[in-house]
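A.B. asks:
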Ligand SMILES: Nc1ncnc2c1ncn2[C@@H]1O[C@H](COP(=O)(O)OP(=O)(O)OP(=O)(O)O)[C@@H](O)[C@H]1O
Ligand SMILES: [Mg+2]
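Residue numbers (my numbering), protein chains in the order written: chain A, 1 to 334; chain B, 1001 to 1272.
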């Protein structure tokens, strides 16, 4: 009921947000357009990451691999292999999906800290590949000079690339939103809540975990594609575990339990990064602090703030439900 | 059953008489151990299709473990589990569910942070293979799913709380939802693990009515500590203790069985 009544303000909000984002380059100095492009790319990565993390409840510390693979596909496709735009994007998507499937299969039945360590190891293995194959990837130096000539832009410069990124990100966000509402998307959430219940209902839990990783890997790779073209540069840093940790923090700070929370986290953290970097070199320290403060005071992330207020307000018309009664036979039930 | 008088019809009849319908559940020499403890120890029994069987026994008798073996949550060290004649011993949980088996859990096992509505939608979706694999179209917009889900919630008195998170429900409502999820898949076999545990007398009474109202063709196995409930519901009562089946029989028989009274009923009366 509340969901139905709450729908049309959401629609208005989304339309207003999209309108504002589209008009942004006309409203702010061009420097902020570059900053916003970065925010949108990271927001898209965070939303993709959250399919595994928030929806699936699987703690991955290896998502930089998808992002970086997308990034390197652009870097190498443009500078080395002369691929067309279409080929670059398709290869990036395929790599993201394929490595996602590999993650899913290799982490079957692992959870919690074991899953975290296993995805970390997988991610670092792929980072090592880029780092060591100096012949192809130029190792630590990274690949520079990744021009945007191939990108089908209207016009030139940061402004037109901003609109390209916005378009791709909005289309991806819409797709992920539909996906999250679909039976498969809901089943992924179900396996987060109780794998044993889902299995007893007839869902093949492992399949849904794999699908989560594939979808997440696919869109993470696409975000990586946007990222490299944004910076016109890609280095092993895009694959490094620190990138995985960063996106994890972005999702948690924003609010991993909601669909758009991670995108909000990206906006807040990238803005903060920009502002803090003006004053000090200690961005990583500040980021760590933000993370700790979030964990301590906002367990549901920044969106939790709004949610908490709304729930306090709503609790007025929730009917009173009787307390659970004690066991008749006097046995303790956990 | 068949009114056909043709030869082929008669032949089929006689064939089916020679090979009677397989039991809904059959376990054969089933054992499982935790460390040194044989929680289920060489257990054999059949449950004919449509039967309602209560499984009773003291704490730690191995009742839940037996359900876990039938449901696939546990694998036996020896023995065979058959559902409608098919050997499912090596099948996974979801495969057994798709073969028509549904269960509730002794410790409430629901999709806690989802709404009641979402819980039931997923449970209904589970029985449609094409729906399970759909990744466009919102689950909540599929008439083939929302129709049966709404009907279930109305039938079981949970319609008004459908937008609540499961974690906000009263314990009794959660226990009912356990049964609703199990029934949503339209199972042929239903395993209920202590559906009345932790409920008030009134709630337990309602739950008993609920269980009694289940379709007649459904094969029901119910673990129950409350003797009144067990004897009222069941066609057959099976008594377990220390991993073995002590006795199986009609409720009236079991109530008179000395061994059962000594092993279980006396004790249970004592602490009730
Ligand atoms: N996963 C497990 N690991 C170790 N021991 C277990 C496990 N599950 C059950 N047991 C043990 O097996 C025995 C049988 O347990 P089970 O849960 O089947 O009993 P029950 O008949 O369902 O009892 P209750 O009436 O208390 O639910 C008990 O001694 C229990 O401690
Ligand atoms: Mg038990």
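All C-beta atoms, glycine included, are put in the ideal place defined by N, C-alpha and C. Quick caveat: nothing in here was measured; it's all calculated off a predicted structure.
Taking the straight line between their C-alpha atoms, what separation do you get for residue 38 of chain A and residue 230 of chain A?
C.D. replies: 8 Å
A.B. asks: DSSP on residue 80 of chain A, reduced to helix/strand/coil?
C.D. replies: Residue 80 of chain A: coil per DSSP, three-state reduction.
A.B. asks: Tell me residue 37 of chain A's beta-bridge partners as DSSP assigns them.
C.D. replies: Answer is none; residue 37 of chain A lacks a bridge partner.
A.B. asks: Tell me whether residue 1106 of chain B counts as near ligand 2, meaning its Cβ is closer than 8 Å to at least one heavy atom of that ligand.
C.D. replies: At least one heavy atom of ligand 2 falls within 8 Å of the beta-carbon of residue 1106 of chain B.
A.B. asks: Could you please give the first and the last residue of the uninterrupted beta strand (DSSP E) stretch that includes residue 1078 of chain B?
C.D. replies: 1078-1083
A.B. asks: Could you tell me whether the segment 1088-1100 of chain B touches the segment 200-210 of chain A, where touching means 3 or more Cβ pairs closer than 8 Å?
C.D. replies: yes
A.B. asks: Per DSSP, residue 1140 of chain B forms a beta bridge with which residues?
C.D. replies: When beta bridges are read from the DSSP output, residue 1140 of chain B appears opposite no residue.
A.B. asks: So what does residue 1219 of chain B bridge to, in DSSP terms?
C.D. replies: The bridge partners DSSP lists for residue 1219 of chain B are B:1189.
A.B. asks: Tell me where the alpha helix (DSSP H) around residue 294 of chain A begins and ends.
C.D. replies: Start and end: 283-297.
A.B. asks: Assuming contact is defined by CB atoms lying nearer than 9 Å, are residue 348 of chain A and residue 62 of chain A in contact in what I supplied?
C.D. replies: Here chain A covers residues 1 to 334 and nothing more, so residue 348 of chain A does not appear.
A.B. asks: Counting only beta-carbon separations shorter than 9 Å, does residue 199 of chain A have a partner in chain B?
C.D. replies: yes
A.B. asks: For the alpha helix (DSSP H) containing residue 1118 of chain B, name the first residue and the last one.
C.D. replies: 1116-1125
A.B. asks: Output the boundary residues of the beta strand (DSSP E) element that contains residue 1028 of chain B.
C.D. replies: Boundaries of the beta strand (DSSP E) harbouring residue 1028 of chain B: 1025-1034, taken from the DSSP string.
A.B. asks: What number of angstroms, rounded off, separates the C-alpha of residue 320 of chain A from the C-alpha of residue 1109 of chain B?
C.D. replies: Caution applies to residue 320 of chain A, whose pLDDT of 35 falls short of 50 and renders its modelled position unreliable; the value that the coordinates give is listed next. Roughly 23 Å between the two C-alpha positions.
A.B. asks: When the Cα atoms are used, what is the spatial distance from residue 120 of chain A to residue 241 of chain A?
C.D. replies: One C-alpha to the other measures close to 7 Å.
A.B. asks: Can residue 1194 of chain B be considered in contact with ligand 1, in the sense that its beta carbon sits closer than 8 Å to one or more heavy atoms?
C.D. replies: yes
A.B. asks: Please classify residue 1078 of chain B: is it buried, with 16 or more other beta-carbons within 10 angstroms of its beta-carbon, or exposed?
C.D. replies: Answer is exposed; the Cβ neighbour count stays below 16.
A.B. asks: Does the beta-carbon of residue 143 of chain A have 16 or more other beta-carbons within 10 angstroms, so that it is buried, or is it exposed?
C.D. replies: Residue 143 of chain A is buried by the Cβ-count criterion.
A.B. asks: Under 8 Å, CB to CB, which of the residues in the segment 176-190 of chain A have a partner in chain B?
C.D. replies: 178, 179, 181, 182, 183, 184, 185, 186, 187, 189 and 190
A.B. asks: For ligand 1, enumerate in chain order all residues having a CB closer than 5 Å to any of its heavy atoms.
C.D. replies: Having a Cβ closer than 5 Å to some heavy atom of ligand 1 are B:1034, B:1039, B:1059, B:1060, B:1061, B:1062, B:1063, B:1064 and B:1065.
A.B. asks: Quick check on the burial criterion: 16 or more other C-beta atoms within 10 angstroms. Buried or exposed for residue 161 of chain A?
C.D. replies: buried
A.B. asks: Please state the DSSP three-state secondary structure of residue 1172 of chain B.
C.D. replies: helix
A.B. asks: State the DSSP-derived secondary structure class of residue 1037 of chain B, mapped to helix, strand or coil.
C.D. replies: Reduced to three states, the DSSP call for residue 1037 of chain B is strand.
A.B. asks: Looking at residue 249 of chain A: is its Cβ nearer than 9 Å to the Cβ of residue 35 of chain A?
C.D. replies: no
A.B. asks: Would you kindly work out how many angstroms separate the C-alpha atoms of residue 1257 of chain B and residue 1250 of chain B, rounded to a whole number?
C.D. replies: 11 Å
A.B. asks: Using DSSP's beta-bridge definition, name the partner residues of residue 1056 of chain B.
C.D. replies: B:1239
A.B. asks: Got a sec: which bits of the segment 1092-1115 of chain B sit with their beta carbon under 8 Å from any beta carbon on chain A, in order along the chain?
C.D. replies: 1092, 1093, 1094, 1097, 1098, 1102, 1103, 1105, 1107, 1109, 1110, 1111, 1112, 1113 and 1114
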